[in-house]
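At position 259 of the sequence shown (counting the first as 1) the number is 334 in my numbering, and the numbers step up by one without a gap.
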Amino acid sequence: MNSYQRLMRRLRGEPVDRPPNLDIIMNFAPHYIGETMKPYYLDYRVLVASNLAVQPVFSFDIVQAISDPYREAYDLGSEIEFPDDGMPMLMQPAILDYDDLNKLNFVAPENGKRMSDRLEAIRSFREQVGGQVPIMGWVEGALAEAADVRGINELMVDLVIEPAWVEELLEKCCEVEIAFARAQVAAGADIIGLGDAVASLVNVEHYQKYALPYEKRIFDAVHELGALTRLHICGRTAHITEYMVHSGADIIDIDWMVDFKHAAETIGDRAAVCGNFDPVTVMLQGTPDEVRAATHKCYQVGGARWLSAGGCEIPDGTPHENLYAQAEMLKEIGARQKV
């Protein structure tokens, strides 16, 4: 059973040889092949090579064209700095005052420097492992994208004092993300992940008004093309878990600080639950035995379609033996019982 078969069968609720591993891998990957981070962010060939290197070694069940949250924002005019071996930094958002909304540089994904680079990564994955390993593309949620082109602090104030303007911004961001998602599916993505970390910072009412409707519209567009969807909201989401289900996501990630059993029970069979051991204290700083125990604990409470992963990105510098321990535990689970 290859990774593609394993994940698709799992999502349909059919028996598999072991639970799939959907760890999010970003900065760990380029260093694994001896590259620095800057080319990983800016050259799809490095992203693809690093993913294809780590995927079979650590038994990951996806390859992923995810690197950072600023691809769309860069092409929309935000100023992003790329240190040689550090994470990208938002230096100046594209929107400094309200009138700038009408000046945003809207480009088709195929014409955006960084969005088109992700499309090239997906095409390369499709050529090399299509049908063998699921290919995951990525977009930002409209609320997260609004923060990337406006600034997170400014956006939080805008939600209170200029809500109508925020809705106009969200409409434009949603259009960008739908176009980008569609282009990635056309390029060969099997799954579109959606990152909406800002959604964990707002209350239930704001989530229902300013995040959820746009998540759903993006996912609806992806589903229309026959691809799958994965919702990833970093942080504390216990207050919005029930509403996250209404996005229509096929896979819902749960971060480590959320009670995983309660989240899985809340979601039930409406989506596959993914997570949720602590990627820092368990995977980065823990021992192989602690990783094994955490992986098994998640399996015990995650439900029939549970997918293994850290609550968020696997950190750069994670000991290889800890990733091996996760993979070994998943194989043991599969060998011991019908999963």
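All C-beta atoms, glycine included, are put in the ideal place defined by N, C-alpha and C.
Rounded Cβ spacing between residue i and residue j (contact assumed at less than 8 Å)
i: C249; j: A222; result: Contact flag wrong, Cβ pair sits at about 14 Å.
i: G323; j: H298; result: 7 Å
i: V348; j: G377; result: 5 Å
i: R85; j: L405; result: That pair is no contact at about 11 Å.
i: L179; j: K291; result: About 23 Å separates the two Cβ atoms, so there is no contact after all.
i: M162; j: M83; result: Actually they are not in contact, since the Cβ atoms of M162 and M83 sit about 33 Å apart, beyond 8 Å.
Pairwise C-alpha distance: residue j and residue i
i: D353; j: W331; result: 5 Å
i: D175; j: A258; result: 26 Å
i: T393; j: V182; result: 37 Å
i: E154; j: A169; result: 7 Å
i: A369; j: Q375; result: 10 Å
i: M231; j: A274; result: 11 Å
i: V208; j: N77; result: 7 Å
i: A114; j: V355; result: Reading the sequence as shown, one finds Pro at residue 114 and not Ala. Approximately 25 Å, taken between the alpha carbons.
i: R201; j: R411; result: 33 Å
i: D265; j: A313; result: 28 Å
i: P288; j: Y318; result: 10 Å
i: S142; j: E195; result: 14 Å
i: L398; j: H371; result: 14 Å
i: C373; j: A140; result: 26 Å
i: A272; j: A148; result: 15 Å
i: P238; j: P131; result: 47 Å
i: F294; j: E156; result: 30 Å
i: K336; j: G409; result: 21 Å
Check whether residue i and residue j have beta carbons under 8 Å apart
i: A104; j: P184; result: no
i: G270; j: I329; result: no
i: P363; j: E396; result: yes
i: P260; j: L300; result: The question names Pro, but residue 260 is Val in the sequence shown. Yes, Cβ-Cβ distance for V260 and L300 is below 8 Å.
i: G152; j: W213; result: no
i: R120; j: M190; result: no
i: L127; j: Q203; result: yes
i: G206; j: Y107; result: no
i: Y285; j: W240; result: no
i: Y282; j: I315; result: yes
i: L382; j: P95; result: yes
i: I197; j: A124; result: no
i: R345; j: G88; result: no
i: A219; j: P158; result: no
Beta-bridge pairing of residue i - partner residues as DSSP gives them
i: L165; result: I155
i: F352; result: G385
i: A347; result: I326
i: E215; result: G270
i: R305; result: G268, I326
i: Q139; result: M211
i: N126; result: The partner list for N126 (beta bridge, DSSP) is empty, contrary to what the question assumes.
i: N96; result: S383
Proximity winner among the options, relative to residue i (alpha-carbon distances)
i: L171; options: Q375, G226, I236, D334; result: G226
i: E243; options: G263, V279, N177; result: N177
i: G343; options: I326, L359, V357; result: I326
i: Y116; options: M211, M164, R411, D136; result: M164
i: M101; options: G187, M211, D92; result: M211
i: A400; options: E388, V357, H321; result: V357
i: V366; options: P95, E403, R380; result: E403
i: F135; options: D98, A148, K188; result: D98
i: L359; options: V333, K336, P390; result: P390
i: D160; options: Q130, L234, G88, G109; result: G109
i: A296; options: P238, G187, L234, A256; result: A256
i: A384; options: R305, H321, T341; result: R305
i: L234; options: E215, E280, R193; result: E280
i: Q167; options: E229, T341, F294, H337; result: E229
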